[in-house]
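K.L.:
Okay, here's the structure, questions in a sec.
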Amino acid sequence: KQEVTQIPAALSVPEGENLVLNCSFTDSAIYNLQWFRQDPGKGLTSLLLIQSSQREQTSGRLNASLDKSSGRSTLYIAASQPGDSATYLCAVESGANSKLTFGKGITLSVRP
Amino acid sequence: NAGVTQTPKFQVLKTGQSMTLQCAQDMNHEYMSWYRQDPGMGLRLIHYSVGAGITDQGEVPNGYNVSRSTTEDFPLRLLSAAPSQTSVYFCASTTGTSGSDTQYFGPGTRLTVL
Numbered sequence: 002k003q004e005v006t007q008i009p010a011a012l013s014v015p016e017g018e019n020l021v022l023n024c025s026f027t028d029s030a031i032y033n034l035q036w037f038r039q040d041p042g043k044g045l046t047s048l049l050l051i052q053s054s055q056r057e058q059t060s061g062r063l064n065a066s067l068d069k070s071s072g073r074s075t076l077y078i079a080a081s082q083p084g085d086s087a088t089y090l091c092a093v094e095s096g097a098n099s100k101l102t103f104g105k106g107i108t109l110s111v112r113p
Numbered sequence: 040n041a042g043v044t045q046t047p048k049f050q051v052l053k054t055g056q057s058m059t060l061q062c063a064q065d066m067n068h069e070y071m072s073w074y075r076q077d078p079g080m081g082l083r084l085i086h087y088s089v090g091a092g093i094t095d096q097g098e099v100p101n102g103y104n105v106s107r108s109t110t111e112d113f114p115l116r117l118l119s120a121a122p123s124q125t126s127v128y129f130c131a132s133t134t135g136t137s138g139s140d141t142q143y144f145g146p147g148t149r150l151t152v153l
């Protein structure tokens, strides 16, 4: 059974800091890995999707990497801003029928 | 495109009542799914559908029923609500082409069962 872990559960950093959020998964037979952002009381917004054949994806100040063999992904946020404060969820698509397995998320707080 | 829409946004039920959570998407996606999100548990898959007329169980299906009569709609039915079903429910959709397409989530329904 696929398991996804995100540690730590919460992180607080000062504005302007570059930071890395980690995600690990137990079964390397994945189709893709997705990073989502969730603001309090809101739904999930997709940030980046890395297909199993890819090593990384970039969008603006965000860069996500994937190392399938070691079961790890990182989300790099450059020059963090208070508006980046949210919960970041990692999910892997594996098995049949587009099913996602989620980590519990990392709640990020960026202090002004 | 409205994307994925869910109604209602909030609902309070008494134990034993039944209700239907609505989900609709206007992106012509074949694959739709329902998740519940609980503190400390993350999101867990309840039921999913790979197309009209086809549904299957996810990780936590007990107490829930689904059907998919059209591509656009995927309602989730609570047959006899229990306090353990207090949660936030999210509907999601994607094209269903494994590996290449992101999943789009609705804004959620916050359900409290007393």
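So the sequence lines, in the order shown, correspond to chains A and B.
Position 75 of the first sequence, counting from 1, maps to 76 under my numbering, and the rest follow consecutively.
Position 73 of the second sequence, counting from 1, maps to 112 under my numbering, and the rest follow consecutively.
Using N, Cα and C, we set each Cβ at its ideal position, and we do this for glycine too.
#1: Count the C-beta pairs between the region 104–113 of chain A and the region 87–106 of chain B that are closer than 8 Å, then say yes if the count reaches three, no if not.
#2: Please confirm if residue 12 (chain A) has its CB atom under 8 Å from at least one CB of chain B.
#3: Along the beta strand (DSSP E) that carries residue 76 (chain B), what are the first and last residues, could you check?
#4: Exposed or buried, which one is residue 152 (chain B) when buried takes at least 16 other CB atoms within 10 Å?
#5: Do you know how far the Cα of residue 82 (chain B) is from the Cα of residue 74 (chain A)?
#6: Tell me, to the nearest whole angstrom, how far the beta carbon of residue 68 (chain B) is from that of residue 134 (chain B); I am working on the premise that it is less than 8 Å.
#7: Does any C-beta atom of chain B lie closer than 8 Å to the C-beta of residue 104 (chain A)?
#8: Does DSSP put residue 122 (chain B) in a helix, a strand or coil?
#9: In whole angstroms, what is the alpha-carbon distance linking residue 85 (chain A) and residue 22 (chain A)?
#10: Could you check what DSSP says for residue 90 (chain B) in three-state terms: helix, strand or coil?
#11: Would DSSP call residue 81 (chain B) helix, strand or coil?
#12: Decide yes or no for the touch test of the region 28–47 of chain A against the region 56–67 of chain B: beta carbon pairs closer than 8 Å, at least 3 of them.
#13: Suppose you measure from the CA of residue 115 (chain A) to the CA of residue 125 (chain B); what does that come to, to the nearest Å?
#14: Give me the DSSP bridge partner(s) of residue 143 (chain B).
#15: If contacts are defined as beta-carbon pairs under 8 Å, then residue 90 (chain A) and residue 67 (chain A) qualify, I think. What distance do you get, rounded to the angstrom?
P.N.:
This is what the structure holds:
#1: Under the three-pair Cβ rule at 8 Å, the region 104–113 of chain A does not count as touching the region 87–106 of chain B.
#2: Taking the first residue of the first sequence as position 1, residue 12 (chain A) is located at position 11. Taking Cβ atoms only, chain B never reaches closer than 8 Å to residue 12 (chain A), which makes this a no.
#3: The residue given as residue 76 (chain B) occupies position 37 in the second sequence. Start and end: 70–77.
#4: In the second sequence, counting from the first residue as 1, residue 152 (chain B) sits at position 113. Buried.
#5: Within the first sequence, the letter at position 73 stands for residue 74 (chain A). Within the second sequence, the letter at position 43 stands for residue 82 (chain B). Between residue 74 (chain A) and residue 82 (chain B), the C-alpha separation is close to 19 Å.
#6: Indexing the second sequence from 1 puts residue 68 (chain B) at position 29. Indexing the second sequence from 1 puts residue 134 (chain B) at position 95. Right, the Cβ-Cβ distance comes to about 6 Å (below 8 Å), so this counts as a contact.
#7: In the first sequence, residue 104 (chain A) corresponds to position 103, counting from 1. For residue 104 (chain A), the answer is yes, since a Cβ of chain B falls inside 8 Å of its Cβ.
#8: Locating residue 122 (chain B) in the second sequence gives position 83, where the first residue counts as 1. Of the three classes helix, strand and coil, the one that applies to residue 122 (chain B) here is helix, per DSSP.
#9: Locating residue 85 (chain A) in the first sequence gives position 84, counting from the first residue. Locating residue 22 (chain A) in the first sequence gives position 21, counting from the first residue. Each residue's alpha carbon lies about 13 Å from the other.
#10: Translated into the one-based positions of the second sequence, residue 90 (chain B) becomes position 51. DSSP places residue 90 (chain B) in strand when its eight states are reduced to three.
#11: Numbered from its first residue, the second sequence carries residue 81 (chain B) at position 42. It is a strand residue.
#12: no
#13: Look at the range of chain A in this structure, 2 to 113, and you will see that residue 115 (chain A) is not part of it.
#14: Here residue 143 (chain B) refers to the residue found at position 104 when the second sequence is read from its first residue. According to DSSP, which records beta bridges pairwise, residue 143 (chain B) is partnered with B:132.
#15: As a first step, residue 90 (chain A) is located in the first sequence; it is residue number 89 there, counting from the start. As a first step, residue 67 (chain A) is located in the first sequence; it is residue number 66 there, counting from the start. Contact doesn't hold; Cβ gap of about 16 Å is too wide.
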